[in-house]
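Following: one structure in structure tokens, then a few remarks.
Number of protein chains: 2
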Amino acid sequence: MKNTGDQQLVKRINRSLILRLLRKPAALQTGLSRAQLAKASGLTKSTVSLLVLDLLQEGWLMEGDLSNEASRGRPSTPLRMDTTRKALIGVEVAVDSVRVVGVSLIGSVLCTRNEPLTNASPSDACKQVAKMTAGVHKDLLKRGMQLHGVGVGVPGAFDTATGRLSFAPNLGWRDIDFVPLITKAFARTGMPAVPVFVQNEADTSALSEYEFANNNANDSLIFVTCGVGVGAGIVLNDRLFTGVQGMAGEIGHSILQIGGAQCSCGRRGCAETFFGERVLSKMDDPSMGGKYLGLVLHNLWTTFNPGTLVVGGSSCVRYPSMVDVASKALAAYANSAGITPAPKVRTASYGILAAAVGAAALVLHQEQLFFK
Amino acid sequence: MKNTGDQQLVKRINRSLILRLLRKPAALQTGLSRAQLAKASGLTKSTVSLLVLDLLQEGWLMEGDLSNEASRGRPSTPLRMDTTRKALIGVEVAVDSVRVVGVSLIGSVLCTRNEPLTNASPSDACKQVAKMTAGVHKDLLKRGMQLHGVGVGVPGAFDTATGRLSFAPNLGWRDIDFVPLITKAFARTGMPAVPVFVQNEADTSALSEYEFANNNANDSLIFVTCGVGVGAGIVLNDRLFTGVQGMAGEIGHSILQIGGAQCSCGRRGCAETFFGERVLSKMDDPSMGGKYLGLVLHNLWTTFNPGTLVVGGSSCVRYPSMVDVASKALAAYANSAGITPAPKVRTASYGILAAAVGAAALVLHQEQLFFK
């Protein structure tokens, strides 16, 4: 019944479980002892000790200060996520700008770079991204930190099955074999050959919350990003959900009105024609776009019954009153039905950096297994 | 690193994997040999042989005819799902009727009972369900089959976290501790104490397709049921997705028009006000409700990017032209955008029995693990 494959899988699951437990908000504060990890994971103490030894050596964990724990009469060494040795880099390729962040394993932003996108051709964009990323990598090296992986958020549909960026309308990109392109650009700068992950920027935004700011493995989370494009990143059952072709969450093109205004996608009456940034900028009172954002949030609620709804993106930063209008509309719908209160809507913890920080979170998300 | 819990989990995963492989459409036709199962599962031949021995003894599998395989020069015994020993019962408690079906492990309908719901109080409804179910159980015994489990589909939100039926508006049920109620009613009829599973009827409908008619573990599937109520059953990453309170898929109450017609839920402009059965029955041309069903299908497409969209429920049986109108509307939206063709919309394989057959499928779905 047993074979090496089983053992490797079980080890990987157990490592993920320990890291997941230590990344929960409470554990970030106080740490957990080996005994507490054993109790919370259901693993034996000897299994936990062996795994922790590896994780300490590799730079994932650090041993905390004894004093706090000792004062409670139980001298045991608390383990914590190590925020000083391994670092992640997250990149957001936006329609008109590039943001690169260096973050710790628990999502603390260590350094950032932000430049206008100088040329939107895929190869030129990758060159610019690589140059900026190499700069952030140097900043991390100065801190004595080792780069563990790079995540890239892109404004289009990324198909994880084929590894191709199928469509990024606002950049004019179509069916780009993006991973080799960006990996080669990184290599040319002399950066170390670390794992590189790519995903849609609404999806990475959702991971900024899920992995670094919410981190509740029993929860589902939807992040609605409002900018030139409108989209949703969806985390269900502890995993990013992207659909069969990577196009799930394209709620900017859900239709709110049959025969409505012409949308850039060719359809009429899409959500983007009601509160896309280009439409909002022409409105006398852009906050009224929130009426339609509220409708979209309501329909996401009835469809997904999510634990958490987060809104972000440049429009929410620029027009914060739009979010208030949307929240009130959602609460009014919930009130009319009177069954359960509407889920709380909160704004992005990382503000305008959500997509870039979330791209860094993507590295952890893709490397870690977690079976509930 | 190893302990009994790990071994049990690995065994359960491997059993599920073998059953899943043998339930794929191609395997239902020709069966798979132990060597083919080993190759497809990645398990060793000795592991497969041990697991198959258990599954044969328990009545899950049967050994097929040698002749076909032998004619290809490779004498090996094909294994198949056993359709003669174990049976499942599925129940649909609808708003005004009760349907009970006995089905084989591969979803062949063996016997059915259908009665109007005589009294909608939870305890009376459970008594009627138990009496009908005991009748179907007798039919199965006459066939020499052993009951493995019972699934029940209900027209409301079932919260798997608490095991309670939180809300079934059209029956007037609210916060019912349904599982003990129905289990006791079954026991009083003298039925054997088999596992009982409960779920929303749109969810069970989705499982009738996913477990018995589609059965593609790499796929996601959405089943939109149109009757007095409108709802969706959602299968993602090989699992039914029901949301944090079991209310996911309540798309009948997604809002299609701000300030639209009053809905029974208290909100205005919900999907049910456009193509709920009570509204359709008053329309000169009910097929035109398909225009709005098409809009809902489109928005599910952009939101989930599902592999398969299925429509069913009593309205689709009564007004088949509504489905044509909806399919054409969806195709027209996809055509306007021109990125990818719309997913094919098909009608329920089990017609009006979808929710009941799917309730039987729920038993297999809940008992089987499958990690991709």
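Here the protein sequences line up with chains G and H, keeping their order.
Counting from -17, one number per residue, gives the positions in the first sequence under my numbering.
Counting from -17, one number per residue, gives the positions in the second sequence under my numbering.
Glycine residues also receive a C-beta, built at the ideal position from the N, C-alpha and C atoms.
Just so it is clear, the structure is predicted and the values come from calculations on it, not from any experiment.
Starting from the beta carbon of residue i, find every residue of chain G whose beta carbon is closer than 8 angstroms, and list them in chain order.
| i | result |
| --- | --- |
| residue 227 of chain H | 287 and 322 |
| residue 315 of chain H | 237 and 249 |
| residue 319 of chain H | 235, 247, 248 and 249 |
| residue 277 of chain H | 237 and 240 |
By the criterion of Cβ-Cβ separation under 8 angstroms, what are the contact partners of residue i in chain H?
| i | result |
| --- | --- |
| residue 0 of chain G | Per Cβ cutoff of 8 angstroms: no residues; residue 0 of chain G is ~13 angstroms from chain H at best. |
| residue 357 of chain G | Given a span of -17 to 354 for chain G in the structure shown, any question on residue 357 of chain G remains unanswerable. |
Thinking C-beta only, is residue j closer than 8 angstroms to residue i?
| i | j | result |
| --- | --- | --- |
| residue 307 of chain H | residue 329 of chain H | no |
| residue 161 of chain H | residue 278 of chain H | no |
| residue 59 of chain H | residue 46 of chain H | yes |
| residue 137 of chain H | residue 77 of chain H | yes |
| residue 235 of chain H | residue 254 of chain H | yes |
| residue 176 of chain G | residue 228 of chain G | no |
| residue 283 of chain H | residue 230 of chain H | no |
| residue 114 of chain H | residue 91 of chain H | no |
| residue 297 of chain H | residue 262 of chain H | yes |
| residue 226 of chain G | residue 281 of chain H | no |
| residue 61 of chain H | residue 5 of chain H | no |
| residue 23 of chain H | residue 38 of chain H | no |
| residue 73 of chain H | residue 152 of chain H | no |
| residue 183 of chain H | residue 135 of chain H | yes |
| residue 327 of chain G | residue 299 of chain G | no |
| residue 3 of chain H | residue 19 of chain H | yes |
When we look at the beta-carbon of residue i and count the other beta-carbons within 10 Å, is it buried (16 or more) or exposed?
| i | result |
| --- | --- |
| residue 11 of chain G | exposed |
| residue 52 of chain H | Its pLDDT being 48, under 50, residue 52 of chain H is placed unreliably in this model, and the coordinates cannot settle the point. |
| residue 101 of chain H | exposed |
| residue 66 of chain H | exposed |
| residue 168 of chain G | buried |
| residue 346 of chain H | buried |
| residue 337 of chain G | buried |
| residue 144 of chain G | exposed |
| residue 173 of chain H | buried |
| residue -4 of chain G | buried |
| residue 148 of chain G | buried |
| residue 249 of chain G | buried |
| residue 97 of chain H | exposed |
| residue 243 of chain H | exposed |
| residue 344 of chain G | buried |
| residue 163 of chain H | buried |
| residue 275 of chain G | buried |
| residue 8 of chain G | exposed |
| residue 222 of chain G | buried |
For residue i, which option in the options has the closest C-alpha, if you only look at C-alpha atoms?
| i | options | result |
| --- | --- | --- |
| residue 119 of chain G | G:150, G:68 and G:78 | G:68 |
| residue 171 of chain G | G:207, G:204, G:123 and G:116 | G:116 |
| residue 204 of chain H | H:210, H:191 and H:211 | H:191 |
| residue 122 of chain G | G:94, G:149, G:232 and G:109 | G:94 |
| residue 140 of chain H | H:84, H:127 and H:181 | H:181 |
| residue 320 of chain H | G:27, G:247 and G:326 | G:247 |
| residue 64 of chain G | G:1, G:348 and G:30 | G:1 |
| residue 185 of chain G | H:186, H:125, H:285 and H:299 | H:285 |
| residue 86 of chain G | G:75, G:267 and G:127 | G:127 |
| residue 189 of chain G | G:35, G:257 and G:89 | G:89 |
| residue 220 of chain H | H:84, H:202, H:103 and H:33 | H:202 |
| residue 272 of chain H | H:289, H:165, H:208 and H:322 | H:208 |
| residue 155 of chain H | H:111, H:178, H:129 and H:104 | H:104 |
| residue 356 of chain H | H:232, H:310, H:233 and H:289 | In the structure displayed, chain H extends from -17 to 354; residue 356 of chain H sits before or after that span and is not available. |
| residue 267 of chain H | H:178, H:290 and H:302 | H:302 |
| residue 70 of chain H | H:14, H:178, H:43 and H:232 | H:178 |
Check the Cβ of residue i against every Cβ in chain H and list those closer than 9 angstroms, keeping chain order.
| i | result |
| --- | --- |
| residue 202 of chain G | 223, 225, 226 and 230 |
| residue 140 of chain G | The premise fails here: residue 140 of chain G is roughly 12 angstroms from chain H at the closest Cβ pair, so nothing lies under 9 angstroms. |
| residue 257 of chain G | Within 9 angstroms Cβ-Cβ: nothing; residue 257 of chain G doesn't reach chain H, min ~13 angstroms. |
Please decide whether residue i counts as near chain C, where near means a Cβ-Cβ distance under 8 angstroms.
| i | result |
| --- | --- |
| residue 233 of chain H | No chain C appears in this structure, whose protein chains are G and H. |
Going along chain H in order, which residues have a C-beta closer than 7 angstroms to the C-beta of residue i?
| i | result |
| --- | --- |
| residue 160 of chain G | Chain H residues near residue 160 of chain G: none, gap ~17 angstroms exceeds 7 angstroms. |
| residue 205 of chain G | Within 7 angstroms Cβ-Cβ: nothing; residue 205 of chain G doesn't reach chain H, min ~14 angstroms. |
| residue 284 of chain G | 232, 233, 235 and 236 |
| residue 361 of chain G | This structure gives no information on residue 361 of chain G, because the portion of chain G shown stretches from -17 to 354. |
Output, in chain order, the set of chain G residues within a Cβ distance shorter than 9 angstroms of residue i.
| i | result |
| --- | --- |
| residue 186 of chain H | Those within 9 angstroms of residue 186 of chain H in chain G number zero; the least Cβ separation is about 17 angstroms. |
By the criterion of Cβ-Cβ separation under 7 angstroms, what are the contact partners of residue i in chain G?
| i | result |
| --- | --- |
| residue 281 of chain H | 236 and 237 |
| residue 14 of chain H | Simply none; closest approach about 20 angstroms. |
Notebook entry, point to check: So, do the segment 315 to 325 of chain G and the segment 213 to 224 of chain H have three or more beta carbon pairs nearer to each other than 8 angstroms?
Noted result: no
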